[in-house]
Amino acid sequence: MVFIDPVIRDAVIFASMLSLLTLGLTLNYLTTKVPNFSHGSFASIGMMTMLTMTSAFNQPAYLSLLPAFLLGGLAALALYLLVLRPLISRDASLVSQMIATIAFELILIAVLNIYADYFTQTFKVQSRGFLIRKFDVRIFGEPGVFIIAPALAVSTVFLLYLLLNKTRFGIGLRAAIENPSLAGTLGINVKRAYTFSWFLAGGLGGVAGSLLALWFQGSPNYGSELLISIFAAAIVGGLQNIYGAVAGGYLLGFVEVLGTRQLGLSFGPWITVYRPLIPILAMAITLLLVPQGLVSLRLSSVFKQVPRGGSE
0 MVFIDPVIRD AVIFASMLSL LTLGLTLNYL TTKVPNFSHG SFASIGMMTM
50 LTMTSAFNQP AYLSLLPAFL LGGLAALALY LLVLRPLISR DASLVSQMIA
100 TIAFELILIA VLNIYADYFT QTFKVQSRGF LIRKFDVRIF GEPGVFIIAP
150 ALAVSTVFLL YLLLNKTRFG IGLRAAIENP SLAGTLGINV KRAYTFSWFL
200 AGGLGGVAGS LLALWFQGSP NYGSELLISI FAAAIVGGLQ NIYGAVAGGY
250 LLGFVEVLGT RQLGLSFGPW ITVYRPLIPI LAMAITLLLV PQGLVSLRLS
300 SVFKQVPRGG SE
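Once you know that position 8 of the sequence shown is 7 in numbering that gives the first Met the number 0, the rest is easy, because the numbers rise by one and skip nothing.
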């Protein structure tokens, strides 16, 4: 059996799920141009769904993915349909819409914590700081989530590519995102396209949270604590490009986990509490050097700077 460093497992699982969360945040931003500060809580919904399905109802862990997707999607749908769309129709400012997402985040946190208290009292199961790795399966001798998390992230990107480029609905969705006014004149239902993208984004967040719960210590506030990493990954990858978002999620996920380990080895375990500084620094450096993110880089422009061999 091949030995895999536990930190590598942490990095692969965290980076894969961070990429899904970043993808969802980018989908939200592309449609409404509003940074969604409640996006992390969709992961918390998925996390609590996994805890409930496994610890309370004794169901196989991966059966939790569908309800986590649906609940995360419904939460995102509620934010878009009940909060943001009415504000947009009233020409509310971007700041007002951002504050509305923060308010929605606070409501979700409160609801999740109330549910956590109810869950503990009813089922006598810890709902804060819980660890439920024992419910995972083994695949080729490895934890199932170590295989399934990256496979799910890659397959999601592939399926999304097919949807956006090979289906009529997906092409209409792209048109609605790129130019909603023109798309509307062509008969594309822009509101329906936006509704779908918000539901999908929330669903991906729920799935990411449910898989994170199989490996990391979970709590109702876990997703909110991830918010800095999600935004940083989106900015590093490029907030205007869903494929850049995935690349940013993977890059920052690995840097955050492996960087924290290296800092701990170099300076001692006390420094690991400053882990959130890593995504903040990554975000600051990206904004200073490559404001449009990784997607703005062109390999051809790099190769042009490399001298070619041969006589001159």
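Note that the Cβ used here is the ideal one computed from N, Cα and C, for glycine as well.
Nearest residue (CA-CA) to residue i, options the options
| i | options | result |
| --- | --- | --- |
| residue 67 | 288, 253, 225, 203 | 203 |
| residue 189 | 172, 227, 200 | 172 |
| residue 333 | 132, 274, 43, 156 | Nothing about residue 333 can be read from this structure; the chain reaches only from 0 to 311. |
| residue 257 | 4, 10, 5 | 10 |
| residue 96 | 178, 34, 123, 162 | 34 |
| residue 157 | 253, 245, 208, 274 | 245 |
| residue 162 | 133, 195, 179 | 195 |
| residue 72 | 4, 266, 50, 45 | 45 |
| residue 39 | 125, 281, 227 | 227 |
| residue 115 | 285, 259, 50 | 50 |
| residue 253 | 265, 135, 274 | 274 |
| residue 234 | 2, 78, 13, 17 | 17 |
| residue 79 | 142, 37, 124 | 37 |
| residue 280 | 271, 255, 268, 270 | 255 |
| residue 209 | 91, 134, 2, 120 | 134 |
| residue 215 | 3, 2, 14 | 14 |
| residue 160 | 2, 6, 22, 5 | 22 |
| residue 143 | 111, 85, 213 | 213 |
| residue 4 | 120, 60, 141, 271 | 141 |
Residue i to residue j span [Cα, whole Å]
| i | j | result |
| --- | --- | --- |
| residue 219 | residue 185 | 44 angstroms |
| residue 152 | residue 19 | 6 angstroms |
| residue 58 | residue 164 | 37 angstroms |
| residue 291 | residue 56 | 46 angstroms |
| residue 150 | residue 89 | 42 angstroms |
| residue 83 | residue 192 | 15 angstroms |
| residue 206 | residue 64 | 6 angstroms |
| residue 137 | residue 224 | 29 angstroms |
| residue 94 | residue 87 | 12 angstroms |
| residue 309 | residue 167 | Its pLDDT being 44, under 50, residue 309 is placed unreliably by the model, and the measurement read from it follows with that caveat. Their backbone Cα atoms lie some 50 angstroms apart in a straight line. |
| residue 108 | residue 118 | 15 angstroms |
| residue 176 | residue 155 | 19 angstroms |
| residue 62 | residue 52 | 8 angstroms |
| residue 300 | residue 289 | Its pLDDT being 45, under 50, residue 300 is placed unreliably in this model, and the coordinates cannot settle the point. |
| residue 277 | residue 183 | 42 angstroms |
| residue 148 | residue 8 | 10 angstroms |
| residue 130 | residue 24 | 26 angstroms |
| residue 248 | residue 287 | 19 angstroms |
| residue 128 | residue 180 | 47 angstroms |
| residue 267 | residue 126 | 30 angstroms |
| residue 6 | residue 92 | 44 angstroms |
Cβ-Cβ separation, residue j to residue i (assumed contact under 8 angstroms), whole Å
| i | j | result |
| --- | --- | --- |
| residue 217 | residue 294 | Wrong, their Cβ atoms sit about 32 angstroms apart, outside the cutoff. |
| residue 70 | residue 48 | 6 angstroms |
| residue 251 | residue 231 | 6 angstroms |
| residue 12 | residue 145 | 6 angstroms |
| residue 222 | residue 103 | Not quite, the Cβ-Cβ distance comes to about 13 angstroms (not below 8 angstroms), so this is no contact. |
| residue 201 | residue 75 | 2 angstroms |
| residue 54 | residue 122 | 7 angstroms |
Extent of the continuous alpha helix (DSSP H) to which residue i belongs
| i | result |
| --- | --- |
| residue 116 | 93-122 |
| residue 79 | Run containing residue 79: none; DSSP gives neither H nor E here. |
| residue 170 | 167-177 |
| residue 44 | 38-50 |
| residue 256 | 241-266 |
| residue 22 | 5-31 |
| residue 221 | 221-224 |
| residue 275 | It is not in any alpha helix (DSSP H) - residue 275 carries neither H nor E in the DSSP assignment. |
| residue 294 | Note, residue 294: premise wrong, no alpha helix (DSSP H); not H, not E. |
| residue 190 | 189-211 |
| residue 84 | 84-88 |
Review point. Would you call the segment 22-39 and the segment 233-245 in contact, with 3 or more CB pairs under 8 angstroms?
Key: yes
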